[in-house]
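Here the structure comes first, spelled out in structure tokens, and everything after it is commentary.
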Amino acid sequence: MRLVIAILCLCLGALPPSAWAGDAGALLQERLHLVTDRACYDAGDRMWLRVFMTDASTRRPVVQSNYVHVELLDETAMVFERVMLMARDGVFNGHIDLPPSADAGTYYVRAYTRLNANRPDLESVARVAVGQSWRGESKPICRPDHEPQVWAEPAGDSTRVYILLPDECALTEASMAVAVSTDSVVPRLDIGTSLNRDLLGDHVNGLAETAQRVTGRVTAMDGKVLPGKATVLMLAPQADFYESTMTGVDGRFAFEDLELADSTVLIVQATDSKNRGNVLLTIDEVQFPECKYPLASDEFDMKNYMVTGGRNVVLDELQVHAIHVARVGEMDAFSTIADASLSQERLDEIDASCLHDVFRRIAGVHLTSDERIIIRGRTSIYGDSYASIAVDGVVQPEEFDLHSIPMADVARVDVFKSGTSMIWGVDGGRGLISITTKGGKIASVKRTTPNLKKVIATGYQAAKPFSSGSRMLYWNPAVKTRGDKLLWFNISRAAHFSVSIEGLTGDGKTIAAHAEFISQ
2 MRLVIAILCL CLGALPPSAW AGDAGALLQE RLHLVTDRAC YDAGDRMWLR
52 VFMTDASTRR PVVQSNYVHV ELLDETAMVF ERVMLMARDG VFNGHIDLPP
102 SADAGTYYVR AYTRLNANRP DLESVARVAV GQSWRGESKP ICRPDHEPQV
152 WAEPAGDSTR VYILLPDECA LTEASMAVAV STDSVVPRLD IGTSLNRDLL
202 GDHVNGLAET AQRVTGRVTA MDGKVLPGKA TVLMLAPQAD FYESTMTGVD
252 GRFAFEDLEL ADSTVLIVQA TDSKNRGNVL LTIDEVQFPE CKYPLASDEF
302 DMKNYMVTGG RNVVLDELQV HAIHVARVGE MDAFSTIADA SLSQERLDEI
352 DASCLHDVFR RIAGVHLTSD ERIIIRGRTS IYGDSYASIA VDGVVQPEEF
402 DLHSIPMADV ARVDVFKSGT SMIWGVDGGR GLISITTKGG KIASVKRTTP
452 NLKKVIATGY QAAKPFSSGS RMLYWNPAVK TRGDKLLWFN ISRAAHFSVS
502 IEGLTGDGKT IAAHAEFISQ
């Protein structure tokens with residue numbers, strides 16, 4: 002068998018020569034570069050990820066923040082999935098599962114830290130196609146510092162892929178992400194341009210996220226400060242974890258330096274200074290920075306680079322006439338003009354533990370520390386006033402407790418955050434959340450244990466091994482070398498496959514190459 006090789010150069014990009022300028026103890030400006038295993042997916046596929054973190058002034062790899070947040074967004078900036086990647090041996094890697102109901106089109110994968118959130122020059126955003134494929138040649142924005150040689154040879158029932166690094170790479174450490182897929186073309190890397198030190202200045206968003214924390218407040222039942230300090234206990238049965246702390250004079254408490262996996266169940270209980278449970282416990286909601294810059298670029302039209310592929314077929318326009326049978330959770334007259342809607346199918350995919358977890362995924366919806374909702378729309382006439390809540394078409398009183406609605410009973414969620422909320426009358430002026438339940442009737446029920454809370458931790462994603470699929474033959478996000486020049490690995494035989502390499506050396510030099518192989 003002969004292999005015809007076509008090598009296409011790709012560039013990881015010249016990382017910016019600018020950084021946080023300050024004292025020795027100052028925070029570095031973190032710049033990220035996101036790598037996905039491929040550019041085209043089908044609904045329900047798993048997307049494998051690697052994020053490189055660099056010091057923006059030296060281009061050298063660093064791990065300052067221990068966590069990188071990665072989101073999958075559609076063109077309206079709605080968050081479909083969100084994961085938190087923890088640094089393991091200096092590498093941020095993980096995966097996102099695309100929703101089975103995802104419509105064909107353009108999506109964006111956004112990577113950021115708490116330090117560089119909403120800095121488009123420091124975050125990293127990658128475009129991906131779902132249900133569609135790329136066409137045309139991929140053109141590098143610039144050449145990489147190092148371009149490995151790639152070739153393949155038969156090896157029994159498998160194919161062996163070789164990567165030969167340049168001599169310069171053997172003088173320092175290198176870390177690379179290597180992907181092998183049956184996709185024929187990959188997109189050009191959208192890594193932007195080098196930045197100027199003056200552009201970065203001293204902008205740093207707070208502190209580096211080096212650990213997780215759970216915070217909240219304990220008050221009397223009427224919301225007033227307790228006369229003495231309260232005791233707060235936190236138990237994580239799955240993680241065999243137990244800790245206690247005391248509140249401050251203002252009733253605030255914090256559990257610091259936590260390291261919790263995503264979806265870890267926490268039981269938090271508060272008692273007053275006399276060990277009585279007649280207190281009100283409030284847990285602060287985890288806030289995520291909403292993307293405040295346009296995801297789409299005026300210089301790059303995704304639609305011009307995509308054609309149908311995979312399981313999709315384009316048909317001429319048809320007129321279809323059918324009898325519609327309404328089901329609970331489907332769109333009604335109100336939801337058709339909502340700014341954001343989540344159907345029963347989408348709610349099942351999210352698998353949220355509570356309604357607050359659903360709202361955290363919707364752009365423009367913010368949760369306060371007392372578990373109230375603020376909707377920020379361009380035409381909101383009451384600014385940051387609390388949004389109204391309607392259940393099955395009935396606007397609820399301000400003290401309505403969203404925890405009283407189990408997620409298993411929720412059929413649909415609609416958000417009205419612009420002028421369309423005025424269809425609800427005066428109650429819609431502050432924005433409105435409409436919840437449709439499966440049974441059609443949910444009573445306003447208050448908690449029976451105000452001093453006890455069950456919290457689902459928004460923690461780091463657990464590591465999972467790569468498993469090959471119909472289009473992905475190999476993925477290794479953490480290929481590390483020191484003094485090695487020749488690397489190799491085996492893959493299953495395929496009539497056509499491509500190899501993509503992206504990485505950095507320890508001194509901040511970029512490594513990138515793309516090779517395509519066709520069996521003869």
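Just add 1 to wherever you are in the sequence shown, counting from 1, and you've got my numbering.
For every residue, glycine included, the Cβ atom is placed at its ideal position computed from N, Cα and C.
Item	Value
Along the alpha helix (DSSP H) that carries Q345, what are the first and last residues, could you check?	345-351
Output yes or no for whether 7 Å exceeds the beta carbon distance between E174 and G509.	no
A514 to V500, Cα distance in whole Å?	8 Å
Taking three-plus beta-carbon pairs below 8 Å as touching, is the segment 44-60 in contact with the segment 268-285?	no
Are the segment 33-46 and the segment 100-116 touching by the rule of at least three beta carbon pairs closer than 8 Å?	yes
Do you know how far the Cα of V359 is from the Cα of A353?	6 Å
Check for me: the alpha helix (DSSP H) holding V359 runs from which residue to which?	356-360
Quick one: measure Cβ to Cβ for A391 and S435, integer angstroms, because I've assumed they're closer than 8 Å.	5 Å
On the three-state DSSP scale, how would you describe S176?	strand
Since R218 sits in a beta bridge, which residues does DSSP pair it with?	R253, T283
Report the CB separation of N452 from L227 in whole angstroms; it is logged as a contact under 8 Å.	No, N452 and L227 are not in contact; Cβ-Cβ is about 11 Å, not under 8 Å.
When the Cα of N117 is compared with those of V129, Y68, E399, which residue comes out closest?	Y68
Between V280, H96, E260, which has its C-alpha nearest G522's C-alpha?	This structure cannot settle anything about residue 522, because the visible part of the chain is limited to 2 through 521.
Can you tell me whether Q462 is buried or exposed? The criterion is at least 16 other CB atoms within 10 Å of its CB, across all chains shown.	buried
Is it right to say R144 is buried, meaning 16 or more other beta carbons lie within 10 angstroms of its own, or is it exposed?	exposed
Once you ignore the five residues that flank V92 on each side, which residues in its own chain have a CB closer than 6 Å to its CB?	A479
Have a look at the DSSP bridge pairing and note the partners of H404.	H404 is not bridged to any residue.
Relative to the C-alpha of H357, which residue among V411, S386, G394, D340 is closest?	V411
Compute the beta-carbon to beta-carbon distance between S159 and N491, rounded to the nearest angstrom, for a pair I have assumed lies under 8 Å.	4 Å
Determine the closest residue to H34 out of F401, S125, R413, with distance taken between C-alpha atoms.	S125
With DSSP collapsed to three states, give me the class of L190.	Since pLDDT at L190 reaches only 44, below the 50 mark, its modelled position is unreliable, and no value is offered.
Given H96, which residues of its chain have a CB within under 7 Å of its CB, disregarding the five upstream and five downstream residues?	R47, M48, W49, L50, K465
Should K293 go down as buried or exposed, given a rule of 16 or more other Cβ atoms within 10 Å for buried?	exposed
Counting C-beta neighbours from all protein chains within 10 Å, is the total for N279 16 or more, i.e. buried, or is it exposed?	exposed
DSSP has V84 in a bridge; who is on the other side?	V71
Pull up the DSSP beta-bridge partners for E154, would you.	R161
Let me check understanding here. Comparing Cα to Cα, which of H367, L28, T511, I457 lies closest to C355?	I457
Taking the alpha-carbon positions, what's the E154 to A178 distance?	21 Å
Is it buried or exposed for R483, if we count other Cβ within 10 angstroms and need 16 for buried?	exposed
Please classify A27: does DSSP put it in a helix, a strand, or coil?	coil
What residue range is occupied by the uninterrupted beta strand (DSSP E) comprising M1?	No answer is possible for residue 1: it lies beyond the span of the chain, which begins at 2 and ends at 521.
Looking only at its chain, what residues have a beta carbon closer than 7 Å to the beta carbon of E169, apart from the 5 residues adjacent to it on each side?	H147
How far does the beta strand (DSSP E) with S386 in it extend, from its first residue to its last?	Segment: none, S386 is in no beta strand (DSSP E) and carries neither H nor E.
Which runs of the beta strand (DSSP E) fall wholly inside the segment 87-127 and span at least 3 residues, in chain order?	93-98, 106-113
By a C-beta neighbour count over all protein chains shown, 10 Å radius and 16 as the cutoff for buried, is W489 buried or exposed?	exposed
Would you mind listing the beta strand (DSSP E) stretches within the segment 226-277 that are 3+ residues and don't spill past its ends, in chain order?	232-237, 242-247, 253-259, 266-272
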